[in-house]
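These notes are about the structure you will find just below.
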Amino acid sequence: MKRKILWKGLSIIFVTALFLGPGAVRGEKQSRENLKERVMTRPIEITAEELVADREKDRVIFKGSVVARQEDLVIYADELVAQYTKDGKEVDRIEARGNVKVVQGNLREATGDRAVFLNREQKIELTGNARVREGESTLFGEKLTIFLAENRSVIEGGEKGRVRAIINPEKFLEKKKEGGEAEGTGEKGR
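The sequence shown begins at 233 in the numbering used here and counts up one residue at a time.
Here it is in structure tokens:
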């Protein structure tokens with residue numbers, strides 16, 4: 233009974249940590265607006281096999297093994313459309329299609345059929361078979377929204393089903409050296 237309560241407690245802590253982000257769990261305070269402003273003005277480097285520019289529509293289309301990188305954020309896709317602001321000075325929006333994968337530092341990796349990165353809002357929306365992995369745990373849904381400046385995510389179910397989570401609470405338990413007790417369980421380590 234005691235172990236069951238411990239697992240439930242750890243699961244709740246993990247899900248809270250996943251959605252609030254590691255900074256919230258450690259109690260770190262960082263100005264979200266300053267971070268948002270700083271990241272929004274950083275350059276975005278995009279590489280691909282082909283580039284088609286359309287100055288009249290203020291957009292550039294990248295095709296073939298596309299990689300878009302801004303600081304610790306990397307978006308991989310088959311095709312990517314970068315929409316620039318009217319003055320052409322910065323990227324306003326990036327839409328990625330086909331084999332989309334988004335990696336944010338060592339924190340998390342997300343995949344989906346389509347992704348839209350909104351630079352001003354510092355937000356990514358993945359749709360179609362959305363999945364986010366953080367450490368040994370994974371969340372599945374139809375739509376995933378990542379709020380980069382806030383270091384939080386929201387995943388939603390859809391017509392195909394509900395949100396599903398695979399949580400590995402054992403990673404929260406630190407085991408003592410061989411034969412020692414697993415912290416907080418009162419049981420010998422495995």
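The beta carbon of each residue, even a glycine, is placed where N, CA and C say it ideally should be.
Secondary structure of I307, DSSP reduced to three states:
strand
Does the region 332-344 come close enough to the region 357-372 to have 3 or more Cβ pairs within less than 8 angstroms?
Flag = yes, the region 332-344 and the region 357-372 touch.
Considering only C-alpha positions, which residue in the set K355, I398 and A347 is nearest to K333?
A347
Would you list the residues sitting across from V364 in a DSSP beta bridge?
A342 and L371
Check whether the Cβ atoms of R291 and V313 lie closer than 7 angstroms to each other.
yes
Apart from the five residues just before and just after Q315, which ones in its own chain have a Cβ nearer than 6 angstroms to its Cβ?
R291, D324 and R325
Specify the secondary structure class of E402 as computed by DSSP and reduced to three states.
E402: helix per DSSP, three-state reduction.
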